[in-house]
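Student:
As structure tokens, this is what we get:
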């Protein structure tokens, strides 16, 4: 049930993780349709995603976020895994439009800015240092780190391109139709403002605040880290490699089958360019679901996010079947979405 | 070097703690001189205290806070212990005027209000629930919980009195002169607004936001908890007892000798009224210090705060001498206070 690519037995000694989702909003998403998140939800999506994971219900909006095809946020997968294995979780705000109404670790209050103007942030190095200090002070045995950053595949493209990787048409999308040309245009516009293509200059221009924070946590934390996400985590890997390539030895990527099966992106091709890092993909069996919203994942809707893939990989690795994960989502669905037809 | 009162060998199995300082500001302190904190620092004190503990330097103000007699914040003791034993630490904001410029757990952005008006907060029950969820998601083996709440001995008096304890003239003070009569006046005024003296009504009127958050953490956390502080932690004990008296079995109080030696307060007399809870006091030997600011602690300045006593108790329990703690403070003092004469 777990697709294993470049496996090094990472999962065999991966126990008692803390799950930490790092969230950020990107101002560019208010001006350009780069994100698959439904526009009515985009301001609230990061906050509501981590509320659902932490509490089992959303507070900032009435229901968990929906994508533009009305499929549910991948946070429903994350929450199911958290519930099934009682995984401890604590989330990190690296600048979301709306703050989660749950106890969470605040790192930055200001959202990521306008990447098309090369003005994503001015403090990526400071955010890396704050992430490092945070990572040093986490007490867990291991970490699963996810993200909720609408528009984050565009910043992933920007950072990968800025660092010299062949990344065009390789980043994923939360939509069935991946707006590659728009993403390339936005990113090229932002990168044109970068005078010297050094890591923190690139992040400041076209990155998002999740990236330096996660890279810092990985550097500061003593244990192993499962980076839970799709091509956004490939960009994080590239950032980590620039900082200290030895760190790649303690990380793996955990994602969904939907990312790995996607014809419009290439996570494996990106990771191969970066380094020798295992990729695990959770097979979720959503084609068998009674819920149209989950079946749409198999057609390319949503695919990944909020650590869903990594949490599902971890849950499967502990002997819980994907039927159990699916049933847990289906059981709660009418509570989460009382007005949604099946 | 540890004063032991009602000892039950709590410290023998107390290992690998996370230190978590819960901070809040109180609006009343802007109107009435109930706090020993220097008035130029009071808005910044909670933020600067946890910055010093977490980073080893302050960011929100140039130097660590000083009390009205120009003695240093007890955060210097806390930081010394954190450094000597590499204690992991992550702090919690329950409403401070100024947010710490470090990654920290945000629970409430709004400070505690006007206790003299009986309007400390409106959400104490919600804060308890958020603290509970936070406690459930902490991965450490044990916890040391401190506080930085200027004016917090007045809220301690209010809550203890509201719950029916004999507390007048028993709460401590960060000043050499303890303004008992002013505290009683403020608290009586606030309590007169409480129609039904039930726990959350009392907290809402005259408590501070640190209290329900810490009580919630204690309820949610699976391991043992050393409540690090003076008479403010007696008020937390009283809150915990109202919620579930069984919880008293997993807590102890860790404080300084300065609180225990204080003729103007009575921590032991307060705890005896509440329950069978051990109290540990760190003997710090500051009378031997080369620093006037530390010697003044022996005359009753500051006494306690920011978890200093509990952290020192823990550090002493692990075989580190109080000379080492004092030397660590003295070594850093000219860096922390470059313009202060010895």
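Protein chains in written order, with our numbering: chain A, 1356 to 1697; chain B, 1356 to 1697.
Note that beta-carbon positions come from the ideal geometry of N, C-alpha and C, so glycine has one too.
#1: Which residues does DSSP pair with residue 1578 (chain B) in a beta bridge?
#2: Do residue 1562 (chain B) and residue 1472 (chain B) have their beta-carbon atoms positioned less than 9 Å apart in this structure?
#3: Give the interface partners of residue 1494 (chain A) over in chain B, defined as CB-CB distance under 7 Å, in chain order.
#4: Select from A:1412, A:1407, A:1381 the residue whose C-alpha is nearest the C-alpha of residue 1398 (chain A).
#5: Starting from the C-beta of residue 1501 (chain B), find all residues in its chain whose C-beta is less than 8 Å away, skip the five residues before and the five after it, and write them out in chain order.
#6: Looking only at its chain, what residues have a beta carbon closer than 7 Å to the beta carbon of residue 1697 (chain A), apart from the 5 residues adjacent to it on each side?
#7: Beta carbons nearer than 9 Å to chain A: which residues of the stretch 1401-1433 of chain B have them?
#8: Look at residue 1555 (chain B) and residue 1479 (chain B) and say whether their C-beta atoms are less than 9 Å apart.
#9: If you reduce the DSSP assignment to three classes, tell me which class residue 1421 (chain B) lands in.
#10: Between the Cα of residue 1494 (chain A) and those of B:1565, B:1422, B:1444, B:1548, spot the shortest distance and give me the residue it belongs to.
#11: Nearest-angstrom Cα distance between residue 1683 (chain A) and residue 1692 (chain A)?
#12: Output, in sequence order along the chain, the residues in the stretch 1445-1458 of chain A whose CB is closer than 8 Å to any CB in chain B.
#13: Return the CA-CA distance between residue 1459 (chain B) and residue 1457 (chain A), expressed in angstroms with no decimal places.
#14: So is residue 1681 (chain B) buried or exposed if we call it buried at 16+ other beta carbons inside 10 Å?
#15: Could you give the uninterrupted runs of the alpha helix (DSSP H) lying entirely in the stretch 1358-1424 of chain B, keeping only those of 4 residues or more?
#16: I need the DSSP call for residue 1545 (chain A), collapsed to helix, strand or coil.
#17: Which residue or residues does DSSP assign as beta-bridge partners of residue 1610 (chain B)?
#18: Strictly below 7 Å CB to CB, what residues from chain A border residue 1489 (chain B)?
#19: Can you pull the DSSP bridge partners for residue 1469 (chain A)?
#20: Report buried or exposed for residue 1379 (chain A), applying the criterion of at least 16 other Cβ atoms within 10 angstroms of its Cβ.
#21: Listed from N- to C-terminal order along the chain, which residues in the stretch 1461-1473 of chain B have their beta-carbon within a distance smaller than 7 Å of any beta-carbon of chain A?
#22: What residues match up with residue 1444 (chain B) in a beta bridge as DSSP calls it?
#23: Check the C-beta distance from residue 1496 (chain B) over to residue 1371 (chain B) and give it rounded, since I have them as a contact under 8 Å.
#24: Note down the Cα distance separating residue 1418 (chain A) from residue 1521 (chain B), rounded to an integer number of angstroms.
#25: In the DSSP assignment, find the alpha helix (DSSP H) that holds residue 1668 (chain A) and state where it starts and stops.
#26: For residue 1450 (chain A), I'd like the list of residues in its chain whose CB is within less than 7 Å of its CB, leaving aside the five on either flank, ordered along the chain.
#27: Would you tell me roughly how many angstroms separate the C-alpha atoms of residue 1476 (chain B) and residue 1553 (chain B), rounded to the nearest one?
#28: Give a yes or no on whether 9 Å exceeds the smallest Cβ distance from residue 1581 (chain B) to chain A.
#29: Among the residues of its own chain, which have a CB less than 6 Å from the CB of residue 1507 (chain A), if the five just before and after it don't count?
#30: In whole angstroms, what separates the C-alpha of residue 1689 (chain A) from that of residue 1439 (chain B)?
#31: Under a three-way DSSP split, which group does residue 1455 (chain A) fall into?
#32: Between which two residues does the beta strand (DSSP E) harbouring residue 1625 (chain B) extend?
#33: Can you check whether the C-beta of residue 1501 (chain A) is within less than 9 Å of a C-beta belonging to chain B?
#34: State whether the stretch 1617-1625 of chain A contacts the stretch 1511-1526 of chain A, with contact taken as three or more CB pairs (one from each stretch) at a distance under 8 Å.
#35: Out of curiosity, what's the CA-to-CA distance linking residue 1414 (chain A) and residue 1404 (chain A)?
Tutor: Let me spell this out:
#1: If you number the second chain from 1, residue 1578 (chain B) lands on position 223. Note: residue 1578 (chain B) sits in no beta bridge, so no partner.
#2: Stepping through the second chain from its first residue, residue 1472 (chain B) is reached at position 117. Stepping through the second chain from its first residue, residue 1562 (chain B) is reached at position 207. Cβ distance not < 9 Å, so residue 1472 (chain B) and residue 1562 (chain B) don't count as in contact.
#3: On the first chain, residue 1494 (chain A) is found 139 positions in, with the first residue counted as 1. Those are 1373, 1443, 1494, 1495, listed as they occur along chain B.
#4: Residue mapping note: residue 1398 (chain A) aligns to position 43 of the first chain, counting from 1. Considering only alpha carbons, the answer is A:1381.
#5: By one-based count along the second chain, residue 1501 (chain B) stands at place 146. Once the five neighbours on either side are set aside, the close Cβ partners of residue 1501 (chain B) are 1374, 1375, 1376, 1377, 1433, 1583, 1584, 1660, 1661, 1662, 1663, 1665, 1666.
#6: As a first step, residue 1697 (chain A) must be located in the first chain, where it is residue number 342. Note on residue 1697 (chain A): pLDDT 47, under 50, position unreliable in the model; the coordinate value appears next. Only 1645, 1646, 1647 meet the Cβ criterion.
#7: 1409, 1410
#8: Numbered from its first residue, the second chain carries residue 1555 (chain B) at position 200. Numbered from its first residue, the second chain carries residue 1479 (chain B) at position 124. Yes, these two residues count as a Cβ contact at 9 Å.
#9: Taking the first residue of the second chain as position 1, residue 1421 (chain B) is located at position 66. In the structure shown, residue 1421 (chain B) sits in a strand (DSSP, three-state: E or B).
#10: Counting from 1 along the first chain, the entry for residue 1494 (chain A) is found at position 139. Ranking B:1565, B:1422, B:1444, B:1548 by Cα distance to residue 1494 (chain A) puts B:1444 first.
#11: Walking along the first chain from the start, residue 1683 (chain A) turns up at place 328. Walking along the first chain from the start, residue 1692 (chain A) turns up at place 337. Using only the alpha carbons, I get a separation of about 14 Å.
#12: 1445, 1447, 1448, 1454, 1457, 1458
#13: On the second chain, residue 1459 (chain B) is found 104 positions in, with the first residue counted as 1. On the first chain, residue 1457 (chain A) is found 102 positions in, with the first residue counted as 1. C-alpha separation (whole angstroms): 13 Å.
#14: Along the second chain, read from residue 1 onward, the residue named residue 1681 (chain B) stands at position 326. With 16 or more other Cβ atoms within 10 Å, it is buried.
#15: 1400-1410
#16: As a first step, residue 1545 (chain A) is located in the first chain; it is residue number 190 there, counting from the start. DSSP places residue 1545 (chain A) in helix when its eight states are reduced to three.
#17: Numbered from its first residue, the second chain carries residue 1610 (chain B) at position 255. According to DSSP, which records beta bridges pairwise, residue 1610 (chain B) is partnered with B:1636.
#18: Start at 1 with the first residue of the second chain, and residue 1489 (chain B) comes out as number 134. What residue 1489 (chain B) touches in chain A: 1458.
#19: For the purposes of this step, residue 1469 (chain A) is taken as residue 114 along the first chain, with counting starting at 1. Note: residue 1469 (chain A) sits in a beta bridge opposite A:1474.
#20: Residue 1379 (chain A) sits at position 24 when you count from the first residue of the first chain. Result: buried.
#21: 1461, 1462
#22: Here residue 1444 (chain B) refers to the residue found at position 89 when the second chain is read from its first residue. Note: residue 1444 (chain B) sits in a beta bridge opposite B:1374.
#23: Taking the first residue of the second chain as 1, we reach residue 1496 (chain B) at position 141. Taking the first residue of the second chain as 1, we reach residue 1371 (chain B) at position 16. Their Cβ separation, rounded to whole angstroms, is 4 Å, which keeps residue 1496 (chain B) and residue 1371 (chain B) in contact under 8 Å.
#24: Indexing the first chain from 1 puts residue 1418 (chain A) at position 63. Indexing the second chain from 1 puts residue 1521 (chain B) at position 166. Rounded to the nearest angstrom, the two C-alpha atoms are 48 Å apart.
#25: Numbered from 1 along the first chain, position 313 holds the residue referred to as residue 1668 (chain A). Start and end: 1663-1672.
#26: For the purposes of this step, residue 1450 (chain A) is identified with residue 95 of the first chain, where counting begins at 1. Closer than 7 Å at Cβ, skipping near neighbours: 1379, 1380, 1463, 1464, 1465, 1466, 1467, 1564.
#27: Reading the second chain from its first residue, position 121 is the one you call residue 1476 (chain B). Reading the second chain from its first residue, position 198 is the one you call residue 1553 (chain B). Taking the straight line from one Cα to the other gives about 15 Å.
#28: Taking the second chain and counting its residues from 1, the one referred to as residue 1581 (chain B) is at position 226. Not one chain A Cβ lies under 9 Å of residue 1581 (chain B).
#29: One-based indexing of the first chain puts residue 1507 (chain A) at position 152. Once the five neighbours on either side are set aside, the close Cβ partners of residue 1507 (chain A) are 1563, 1587.
#30: In the first chain, the residue the question calls residue 1689 (chain A) occupies position 334. In the second chain, the residue the question calls residue 1439 (chain B) occupies position 84. Taking the straight line from one Cα to the other gives about 53 Å.
#31: Against the first chain, residue 1455 (chain A) aligns to sequence position 100. Residue 1455 (chain A): coil per DSSP, three-state reduction.
#32: Residue 1625 (chain B) sits at position 270 when you count from the first residue of the second chain. No beta strand (DSSP E) contains residue 1625 (chain B), which is instead part of the alpha helix (DSSP H) from 1622-1629.
#33: Against the first chain, residue 1501 (chain A) aligns to sequence position 146. By this cut-off, residue 1501 (chain A) is not an interface position.
#34: yes
#35: Taking the first residue of the first chain as position 1, residue 1414 (chain A) is located at position 59. Taking the first residue of the first chain as position 1, residue 1404 (chain A) is located at position 49. Each residue's Cα considered, the two are about 10 Å apart.
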